[in-house]
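For the sequence shown, the working numbering assigns the number 25 to the initial residue and increments by one for each residue that follows. Glycine included, C-beta positions come from ideal geometry on N, C-alpha and C.
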Amino acid sequence: MDNYNREKEIKEAIEASEKVLTHLYNARDLFKSAKNWGYFDMFGGGMISTFIKHSKINNAEEELRKTRYAVQNLKSELTDVNNTMGINIIPDTFLTFADYFFDGILADYLVQTKINDSLSQVESGISQVEKIIENLKSEI
Numbered sequence: 025m026d027n028y029n030r031e032k033e034i035k036e037a038i039e040a041s042e043k044v045l046t047h048l049y050n051a052r053d054l055f056k057s058a059k060n061w062g063y064f065d066m067f068g069g070g071m072i073s074t075f076i077k078h079s080k081i082n083n084a085e086e087e088l089r090k091t092r093y094a095v096q097n098l099k100s101e102l103t104d105v106n107n108t109m110g111i112n113i114i115p116d117t118f119l120t121f122a123d124y125f126f127d128g129i130l131a132d133y134l135v136q137t138k139i140n141d142s143l144s145q146v147e148s149g150i151s152q153v154e155k156i157i158e159n160l161k162s163e164i
């Protein structure tokens, strides 16, 4: 591959990385908001706070679905530039039914733990993708 084509492929990989980051940043913000609503819910927020918390979680999960698609595109672009860095950024699903049905401190605590775990995984994914971008930019 000549220098022009290699640089073009690297720029495409950077662009794909930035799309992944956009979705991860959005998911992180939504999980942070869900986390705040979760604390309120744990200490007597009631059904309204439970609903808002799960709305934030659902929106974050939608961002993660978009992230999955963007990651597949990124992996393809990384293959084009012979970069095989792995990306592992997909959190598990939530305990929505249990939180509504058993609206109590235990269910709230379990959901809060899942929010924190997901937030941690998303932040790890952000770090991974930021490192990929840094490595790609150093190759231009």
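Problem set entry | Residues near A37 by beta carbon distance below 6 Å, same chain, minus five either side | E101, L102, V105 and L160, listed in sequence order.
Exercise. Any idea what DSSP makes of K155, helix, strand or coil?
Worked result: Looking at K155 - three-state DSSP - the assignment turns out to be helix.
Exercise. Which residues in the same chain as F125 place their Cβ atom closer than 8 Å to its Cβ, once the five residues preceding and following it in sequence are excluded?
Worked result: Confidence at F125 is low in this model, with a pLDDT of 47, below 50, so the placement of that residue is unreliable and no value is reported for it.
Exercise. Looking at C-alpha atoms only, which residue of S162, S142, L134 and Q152 is the closest neighbour of M66?
Worked result: If we check each option's Cα against that of M66, L134 comes out closest.
For this session: Please report how far the alpha carbon of E39 lies from the alpha carbon of I129, in whole angstroms.
Result: E39 and I129: Cα-Cα distance of roughly 43 Å.
Exercise. Can you name, in chain order, every residue of its own chain whose Cβ lies under 6 Å from the Cβ of E180, other than the five neighbours on each side?
Worked result: Any question about residue 180 goes unanswered here, given that the chain covers just 25 to 164.
Exercise. Taking Cβ to Cβ, would you say I139 is nearer than 7 Å to A51?
Worked result: The beta carbons of I139 and A51 sit no closer together than 7 Å.
Exercise. Apart from the five residues just before and just after K80, which ones in its own chain have a Cβ nearer than 8 Å to its Cβ?
Worked result: Here the set comprises L54, F55, S57, A58 and W61.
For this session: Assuming I150 and L88 form a contact by the criterion Cβ under 8 Å, report the distance between their Cβ atoms to the nearest whole angstrom.
Result: About 13 Å separates the two Cβ atoms, so there is no contact after all.
Problem set entry | Best match in A94, K35, E86 and N82 for proximity to E158 [C-alpha to C-alpha] | Of the candidates A94, K35, E86 and N82, K35 places its Cα closest to the Cα of E158.
Problem set entry | N-terminal and C-terminal residue of the alpha helix (DSSP H) that E85 is part of | Counting along the chain, the alpha helix (DSSP H) containing E85 begins and ends at G70 to D104.
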